[in-house]
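S.K.: One structure coming up, written as structure tokens, with questions to follow.
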Amino acid sequence: MRYRKAKQMKNNKKLKKYLPLTEATYYIMLALVEPLHGYGVMQKVEQISQETVKVGPGTLYGAFSSLEKEGLIRMVKEEQRRKCYQLTDKGRQVLVGQIDRLEIMSANGLPVREHLVKTLDSDE
Amino acid sequence: MENKTIRKFKWFWAWQDEAEEAWLRKMSNEGWQLSRIGFPTIYTFRNVEPQDYVYRLDYRSYWKMEKEDYLQLFRDSGWEFVEEMAGWHYFRQAAQAGEELEIYTDAESKIGKYQRLLAFLGILMLPLFFGVYNLSKASYGWVPIIQVFNALLFVLYVYAIIRILLRIRQLKGI
Chain X
62 MRYRKAKQMK NNKKLKKYLP LTEATYYIML ALVEPLHGYG VMQKVEQISQ
112 ETVKVGPGTL YGAFSSLEKE GLIRMVKEEQ RRKCYQLTDK GRQVLVGQID
162 RLEIMSANGL PVREHLVKTL DSDE
Chain W
6 MENKTIRKFK WFWAWQDEAE EAWLRKMSNE GWQLSRIGFP TIYTFRNVEP
56 QDYVYRLDYR SYWKMEKEDY LQLFRDSGWE FVEEMAGWHY FRQAAQAGEE
106 LEIYTDAESK IGKYQRLLAF LGILMLPLFF GVYNLSKASY GWVPIIQVFN
156 ALLFVLYVYA IIRILLRIRQ LKGI
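Here it is, written out as structure tokens:
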């Protein structure tokens with residue numbers, strides 16, 4: 062039991078080195094919960110981020126190669142000469158870690174936001 | 006009728022990639038579209054209707070993934086691959102009103118491009134450094150000429166590296 066806990070802690074530490082993800086990497090990994098090729102990822106990221114994030118091909122290629130090297134994504138199939146990637150288990154763990162961080166961030170920010178908006182109104 | 010072509014010799018230093026992009030765009034607006042680049046940096050342009058094309062340069066000298074995947078990704082997102090020259094990849098796309106066309110969409114990945122360039126310059130600099138060091142101990146015949154040449158090249162490399170480091174710092178922002 063203690064051994065398993067120690068192992069888990071070590072594992073968490075290993076995953077922590079990937080966090081925080083950049084905004085682009087976060088969205089790329091989020092898109093890759095399903096198998097997608099590069100251009101598919103670009104379209105999906107633009108759509109789900111409500112056009113707040115656009116990923117150019119230079120940025121995406123770099124992200125793909127480093128995510129693959131780190132074993133966070135892997136090639137799952139090829140469609141019309143385009144390689145499709147998907148998250149690995151390790152990638153899923155990292156993404157969960159990132160989402161947890163974001164949850165804390167927004168939990169901290171939301172009450173402050175309310176206050177900020179109010180003070181903005183009273184200034185006008 | 007065959008399109009008229011012109012050749013132009015123009016030199017850009019490693020840290021002047023954005024100036025080169027701007028120049029290629031200006032040429033395209035004047036009706037000259039880049040068709041190829043020969044060694045050493047002789048640009049061949051084809052005479053076409055003046056068009057506003059945005060040019061972007063990417064630097065990659067080694068491939069973690071296959072190069073064909075890389076080019077496919079650029080093609081899919083609307084970029085035409087024009088030419089490759091010493092690790093620099095030239096892409097173009099017709100300008101669109103109100104839209105900024107970039108191949109790198111965040112500072113982190115753009116910094117990555119300059120880091121790859123730095124790594125390449127760093128590797129090239131090693132033999133140069135030892136050349137300067139070894140030759141500084143000899144002083145006969147034509148050696149001084151090579152010494153001066155080597156030293157100049159060395160200074161140029163150091164300058165290029167500083168310019169690129171400054172660019173990276175600027176991209177890092179606050």
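Chains as they are written, first to last, in the working numbering: chain X, 62 to 185; chain W, 6 to 179. Just so you know, even glycine gets a beta-carbon here, dropped at the ideal spot from N, CA and C.
Distance check for Ala124 of chain X and Ala92 of chain X, CA to CA, integer angstroms please.
M.R.: Along the first sequence, one-based indexing puts residue 92 of chain X at 31. Along the first sequence, one-based indexing puts residue 124 of chain X at 63. One C-alpha to the other measures close to 13 Å.
S.K.: Give every residue of the same chain whose Cβ lies closer than 7 Å to the Cβ of Phe125 of chain W, excluding the five residues on either side of it in the sequence, and list them in chain order.
M.R.: To locate residue 125 of chain W, count along the second sequence from 1; it is residue 120. The residues are Ser66, Gly92.
S.K.: Could you have a look at Ser40 of chain W and say whether DSSP puts it in helix, strand or coil?
M.R.: The residue given as residue 40 of chain W occupies position 35 in the second sequence. The answer is strand: DSSP assigns Ser40 of chain W an E or B state.
S.K.: Do Ile134 of chain X and Val106 of chain X have their C-beta atoms closer together than 9 Å?
M.R.: Here residue 134 of chain X corresponds to residue number 73 of the first sequence, with the count starting at 1. Here residue 106 of chain X corresponds to residue number 45 of the first sequence, with the count starting at 1. No, they are not a contact pair.
S.K.: Are at least three pairs of beta-carbons, each pair with one atom in the region 79–89 of chain X and one in the region 151–171 of chain X, less than 8 Å apart?
M.R.: Verdict: yes, contact present.
S.K.: Please list, in chain order, all residues of the same chain as Lys151 of chain X whose beta carbon is under 7 Å from its beta carbon, the five residues on each side excluded.
M.R.: Here residue 151 of chain X is taken as the residue at index 90 of the first sequence, counted from 1. Excluding residues within five positions, the ones whose Cβ falls inside 7 Å are Gly132, Leu133.
S.K.: Comparing alpha-carbon positions, which option in W:Ile169, W:Leu29, W:Leu161 lies nearest Asp57 of chain W?
M.R.: Locating residue 57 of chain W in the second sequence gives position 52, counting from the first residue. Ranking the options by Cα distance to Asp57 of chain W, first place goes to W:Leu29.
S.K.: On the CB-based measure, 16 or more other CB atoms within 10 Å of its CB, does Glu25 of chain W come out buried or exposed?
M.R.: As a first step, residue 25 of chain W is located in the second sequence; it is residue number 20 there, counting from the start. Burial call: buried.
S.K.: Against Val116 of chain X, what residues of chain W qualify as contacts under a CB-to-CB distance less than 7 Å, listed in chain order?
M.R.: As a position in the first sequence, residue 116 of chain X is number 55, starting the count at 1. Result: Thr110.
S.K.: With C-beta atoms as the reference, is Leu2 of chain W less than 9 Å away from Phe96 of chain W?
M.R.: Since the first residue of chain W shown is 6 and the last is 179, residue 2 of chain W is not available in this structure.
S.K.: Select from W:Phe14, W:Trp37, W:Ala19 the residue whose C-alpha is nearest the C-alpha of Pro1 of chain W.
M.R.: Nothing can be reported for residue 1 of chain W: it is not among the residues displayed for chain W, which extend from 6 to 179.
S.K.: Given a cut-off of 9 Å on the beta-carbon distance, is the pair Ala156 of chain W and Trp18 of chain W in contact?
M.R.: Along the second sequence, read from residue 1 onward, the residue named residue 156 of chain W stands at position 151. Along the second sequence, read from residue 1 onward, the residue named residue 18 of chain W stands at position 13. Against a cut-off of 9 Å, the Cβ pair of Trp18 of chain W and Ala156 of chain W comes out as no contact.
S.K.: Closer than 7 Å, Cβ to any Cβ of chain X: which residues of the region 73–94 of chain W, in chain order?
M.R.: Taking 7 Å as the Cβ-Cβ cut-off against chain X, the residues of the region 73–94 of chain W that qualify are Asp74, Tyr75, Gln77, Leu78, Phe79, Asp81, Ser82, Trp84.
S.K.: Starting from Lys144 of chain X, find everything on chain W with Cβ-Cβ shorter than 7 Å and list it in chain order.
M.R.: Here residue 144 of chain X refers to the residue found at position 83 of the first sequence. By Cβ distance, chain W contributes Asp74.
S.K.: Please return the same chain residues whose Cβ sits closer than 8 Å to the Cβ of Asp22 of chain W, not counting the five positions on each side in sequence.
M.R.: Reading the second sequence from its first residue, position 17 is the one you call residue 22 of chain W. Within the same chain, Asp22 of chain W has close Cβ partners Leu62, Tyr64, Trp93.
S.K.: Thinking C-beta only, is Phe86 of chain W closer than 9 Å to Ile108 of chain W?
M.R.: Taking the first residue of the second sequence as 1, we reach residue 108 of chain W at position 103. Taking the first residue of the second sequence as 1, we reach residue 86 of chain W at position 81. It is not a contact, given that the beta carbons lie outside the stated cut-off.
S.K.: Put Val52 of chain X into one of helix, strand or coil per three-state DSSP.
M.R.: The question about residue 52 of chain X has no answer here: the residues shown for chain X are numbered 62 through 185.
S.K.: List in chain order: all unbroken alpha helix (DSSP H) runs of 4+ residues lying wholly within the region 105–171 of chain W.
M.R.: As far as the region 105–171 of chain W is concerned, its whole alpha helix (DSSP H) runs of at least 4 residues are 112–140.
S.K.: Check whether the Cβ atoms of Leu156 of chain X and Tyr87 of chain X sit closer than 9 Å, and answer yes or no.
M.R.: Mapped onto the first sequence, residue 156 of chain X falls at position 95. Mapped onto the first sequence, residue 87 of chain X falls at position 26. Contact flag set, yes.
S.K.: Taking 9 Å as the CB-CB limit, is Tyr87 of chain X close to chain W?
M.R.: The residue labelled residue 87 of chain X in the question sits at position 26 within the first sequence. Not an interface residue.
S.K.: Mind checking the region 100–114 of chain X against chain W and listing, in chain order, the residues whose C-beta falls within less than 7 Å of any C-beta there?
M.R.: Here the close residues are Tyr100, Met103.
S.K.: Can you tell me which of the three DSSP states Ala92 of chain X falls into?
M.R.: In the first sequence, residue 92 of chain X corresponds to position 31, counting from 1. Ala92 of chain X falls in the helix class under three-state DSSP.
S.K.: Using only the alpha-carbon positions, how far apart do Ser40 of chain W and Lys177 of chain W sit?
M.R.: Indexing the second sequence from 1 puts residue 40 of chain W at position 35. Indexing the second sequence from 1 puts residue 177 of chain W at position 172. Going by the C-alpha atoms only, they are around 34 Å apart.
S.K.: Excluding the 5 residues flanking Arg143 of chain X on each side, which residues of the same chain have their C-beta closer than 6 Å to its C-beta?
M.R.: On the first sequence, position 82 is the one that residue 143 of chain X refers to. Counting only Cβ-Cβ distances below 6 Å, and skipping sequence neighbours, we find His98.
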